[in-house]
Amino acid sequence: MEQHDASILSYKRLSASHLSSNNQPSKSASNKISNMTSNMTSSIAMETIGSTSEKLPEKRNDGKSLTDVISLGELEENTLHYRGDVDLGMKVANESLGLEVDEATNKKLLRKADMFICTMMSVVYAVQYMDKQTNSYASIMGLREDLNMVGNQYSWVGTSFYLGYMIFEIPSSLALQRFPIAKTSGIFILLWGFVLCMTCLPKTYAGFIVTRTILGILESAVTPAFMLLTSQWYKREEQLLRTSIWSASAGLGAILGALIAYGLTIRNAETLPMVSWRLLYVVLGVITIALGLVFLVHVPDTPATAWFLTKQERLLTVERIRTNKQGFGNRHFKMDQLKEVFMDIRTYLYFCLMVAAEIPNGGIGSFGSIMLKDMGFSTTKALLMGMPFGAVEFGGIVLVGYIAQRYQRRMYAAMFSYCLNIFSGCLLAFPASTHAQLAGYYLQGMAVIGWICFISCVSSNTAGHTKKVVTSAICMIGYCVGNLIGPQTFIATEAPHYRSAKIAIVVCFVICLALTIALYYVNVRANKLRDAKNEKLDPSFINSEFADLTDFQNPEFRYSL
Numbered sequence: 002m003e004q005h006d007a008s009i010l011s012y013k014r015l016s017a018s019h020l021s022s023n024n025q026p027s028k029s030a031s032n033k034i035s036n037m038t039s040n041m042t043s044s045i046a047m048e049t050i051g052s053t054s055e056k057l058p059e060k061r062n063d064g065k066s067l068t069d070v071i072s073l074g075e076l077e078e079n080t081l082h083y084r085g086d087v088d089l090g091m092k093v094a095n096e097s098l099g100l101e102v103d104e105a106t107n108k109k110l111l112r113k114a115d116m117f118i119c120t121m122m123s124v125v126y127a128v129q130y131m132d133k134q135t136n137s138y139a140s141i142m143g144l145r146e147d148l149n150m151v152g153n154q155y156s157w158v159g160t161s162f163y164l165g166y167m168i169f170e171i172p173s174s175l176a177l178q179r180f181p182i183a184k185t186s187g188i189f190i191l192l193w194g195f196v197l198c199m200t201c202l203p204k205t206y207a208g209f210i211v212t213r214t215i216l217g218i219l220e221s222a223v224t225p226a227f228m229l230l231t232s233q234w235y236k237r238e239e240q241l242l243r244t245s246i247w248s249a250s251a252g253l254g255a256i257l258g259a260l261i262a263y264g265l266t267i268r269n270a271e272t273l274p275m276v277s278w279r280l281l282y283v284v285l286g287v288i289t290i291a292l293g294l295v296f297l298v299h300v301p302d303t304p305a306t307a308w309f310l311t312k313q314e315r316l317l318t319v320e321r322i323r324t325n326k327q328g329f330g331n332r333h334f335k336m337d338q339l340k341e342v343f344m345d346i347r348t349y350l351y352f353c354l355m356v357a358a359e360i361p362n363g364g365i366g367s368f369g370s371i372m373l374k375d376m377g378f379s380t381t382k383a384l385l386m387g388m389p390f391g392a393v394e395f396g397g398i399v400l401v402g403y404i405a406q407r408y409q410r411r412m413y414a415a416m417f418s419y420c421l422n423i424f425s426g427c428l429l430a431f432p433a434s435t436h437a438q439l440a441g442y443y444l445q446g447m448a449v450i451g452w453i454c455f456i457s458c459v460s461s462n463t464a465g466h467t468k469k470v471v472t473s474a475i476c477m478i479g480y481c482v483g484n485l486i487g488p489q490t491f492i493a494t495e496a497p498h499y500r501s502a503k504i505a506i507v508v509c510f511v512i513c514l515a516l517t518i519a520l521y522y523v524n525v526r527a528n529k530l531r532d533a534k535n536e537k538l539d540p541s542f543i544n545s546e547f548a549d550l551t552d553f554q555n556p557e558f559r560y561s562l
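If you're matching positions, the sequence shown starts at 2 in the working numbering and goes up one per residue.
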């Protein structure tokens, strides 16, 4: 006999006559269930011990694949079900069902998640941002001259990275669903660190473009992985602040990266093993490889396997995040959830928002140091002047994230962010004053707030693991499209002012504000309709929070605002 989960069950559907008027099973129904499960358990045990010739059916009576027992009410007569199509946390959820998490324990578990998970994600994200910014630093350290870049060739350096990112976004997201999240992410980090080191080798523009494209491919898994990890470890009301923290760490990466680039630039070139901009890639690549090794051994794939939690703490952690109604994940790709992705208007709003928000990011990310140098600063001064941008990004994002979480109004935070970005974009685009342009440049560091609000929306407001993975992938494709377009708005013939690019920044943030208001309206309306209907899941639906239901399938789900 094939080895199956010990929880294989076969129930007869409870008829309405077995239920009392308050929808609770009657005494006779309870006795029937008890006798049925007892007899069946004995039957399964005897079958496992004494029978090798008889195999369990691989299909239900209706021809569908076998799935786990979730609800007594949904099962058909003489139908076998086994664990295999529900959440990875279902086994632990069965053990934790009924446990209570008091306030002191809740705070203790939250501190552990912050210490071991959020801290590691923050460090990785800071290093990833440094890796992305190497082009911006290297562009004023001799990269363009050494590789004989002319015209708009440098614009394509930034575009090529996001081209690779976009091409591999769906495969990397599917890999995160199919394989353990932390281990898969760790391997991607190791590989991108190696490729970053190899970026010092190309002697031609074409070779350099190839390495940047491969680097984009390998970095495509990080943000989707962190979105999934955040939804695994934190309650929905906690996710925005934690997403803000690990995203804001990009600001710390900008500061540290600028300091490393500055240190290499002021060194006597004769004392370095290679030119400074090439050595910059090696230094950051080695840091990334070391971090990838730590990530592999440090981060667990789910809270149910966390090495830093006791068995009791694992059960309590599962119980703590039960209210998310999202579980830990499911490694089966479900076509019904895929169809639902494209039936959900939020998918299209997320995509358009990502494109509009990332056009400014793609341009400033690639041309930030060049813009500072064109304002009249020297190479070394321009590198140092980039540091306040990182400080504004980190401090502003964490502050706004904290306020938004305290009042549970992330959409208001996004609207505030885009209003601020419209103002800062105008400062950057229209005044002739260098000081006004510099202020506008620094305030662009706050642009990430809106982006954070929306990726936290994907984590919090998208249930069903296949749906969450695909929606995240679509969002990140939008992210890539915006970053592909961004550098192309900086036209070489418009240097040093790049007026068209700066006006495009303002227009994009106006679009973002309009789309944010639309998304807020969609979620408010959906919640009101659900409240009016007041539908509930079948009372016999046990552990529905770990049944891998989508937000459409679960009438008790409410969208975070």
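No residue lacks a Cβ here, since even glycine has one placed at the ideal position from N, Cα and C. Here the structure is a predicted model, which is why all the values come from computation and not from measurement.
On the criterion of 16 or more Cβ atoms from any shown chain inside 10 Å, does residue i qualify as buried, or is it exposed?
| i | result |
| --- | --- |
| H436 | exposed |
| W308 | exposed |
| Q313 | exposed |
| N555 | buried |
| E104 | exposed |
| T80 | For T80, the pLDDT reaches just 33, beneath the cut-off of 50, and the residue's location in the model is therefore unreliable, leaving the point undetermined. |
| D552 | buried |
| S379 | exposed |
| T573 | Outside the displayed range of the chain (2 to 562) lies residue 573, so it cannot be described from this structure. |
| I9 | Because the pLDDT at I9 is just 31, under 50, the model does not fix this residue reliably, and the value given afterwards should be weighed accordingly. Counting Cβ neighbours within 10 Å, I9 comes out buried, since at least 16 surround it. |
| C476 | buried |
| S140 | buried |
| L433 | Sequence check: residue 433 is Ala here, not Leu. Burial call: exposed. |
| D549 | buried |
| N269 | exposed |
| F558 | buried |
| A502 | buried |
| T205 | exposed |
| D532 | exposed |
| E536 | exposed |
| V125 | buried |
| M275 | exposed |
Give me, in chain order, the residues of the same chain whose beta-carbon lies closer than 8 Å to that of residue i; leave out the 5 immediate sequence neighbours on both sides.
| i | result |
| --- | --- |
| V102 | L110, L317, E320 and R321 |
| I267 | T381 |
| A527 | Y560 |
| A176 | T185 and A222 |
| L444 | V393, L421, N422, F424, S425 and L428 |
| Q409 | E238, S561 and L562 |
| L216 | D132, F162, G165, W193, V196, L197 and T200 |
| L516 | L350, C353, L354 and A357 |
| V295 | M121 |
Beta-carbon within less than 6 Å of residue i's beta-carbon, same chain only, minus the 5 sequence neighbours each way: which residues are those?
| i | result |
| --- | --- |
| L132 | Strictly speaking, residue 132 in this sequence is Asp, with Leu absent from that position. Excluding positions up to five away in sequence, the list reads L197 and L285. |
| Y155 | R145 |
| A405 | L241, R411 and A414 |
| F117 | F309 |
| Y499 | F491 |
| L229 | I182 |
| M386 | L373 and F378 |
| Y480 | M355 and E359 |
| Q338 | G465, T467, K468 and T551 |
Leaving out the 5 sequence neighbours to the left and right, which residues in its chain are closer than 7 Å to residue i when beta-carbon positions are compared?
| i | result |
| --- | --- |
| P301 | A183, A307 and W308 |
| S123 | I246, W247 and S250 |
| R315 | V93, P304, A305 and A307 |
| M376 | T435, Q438 and L439 |
| S43 | Legend: pLDDT at S43 = 40, less than 50; position of this residue unreliable, no value from coordinates given. |
| C513 | L354, A357, A358, Y419 and G451 |
| T289 | V128, D132, I190, W193, G194 and L197 |
| A262 | Y138, M142, L281 and L384 |
Thinking residue i and residue j are a contact (beta carbons under 8 Å), I'd like their distance in whole angstroms, please.
| i | j | result |
| --- | --- | --- |
| Y235 | A114 | 7 Å |
| L281 | L273 | Not really, about 10 Å apart at Cβ, beyond 8 Å. |
| A474 | S174 | 4 Å |
| G446 | G293 | At roughly 27 Å, the Cβ-Cβ gap does not stay under 8 Å, so G446 and G293 are not in contact. |
| T231 | S370 | In fact, because the Cβ distance is near 31 Å, the residues do not count as touching under 8 Å. |
Between residue i and chain B, is there a C-beta pair that is closer than 8 Å?
| i | result |
| --- | --- |
| W157 | Among the chains of the structure shown, chain B does not appear; only one protein chain is present. |
Starting from the N-terminal side, write out each stretch of the alpha helix (DSSP H) that is 4 residues or longer and does not extend beyond the segment 130–158. 144–147
Counting only runs that start and end within the segment 464–497, where is the alpha helix (DSSP H) found for 4 or more residues in a row? 466–489
Taking only runs of the alpha helix (DSSP H) that begin and end inside the segment 211–271, which ones reach a length of at least 4 residues, in chain order? 223–234 and 237–267
Start-end ranges of the alpha helix (DSSP H) lying completely within the segment 412–444, minimum 4 residues: 435–444
Which runs of the alpha helix (DSSP H) at least 4 residues long sit entirely within the segment 328–404? Give them in chain order. 336–344, 346–375 and 380–386
4-residue-minimum alpha helix (DSSP H) runs that sit fully inside the segment 155–197, ordered along the chain: 170–179
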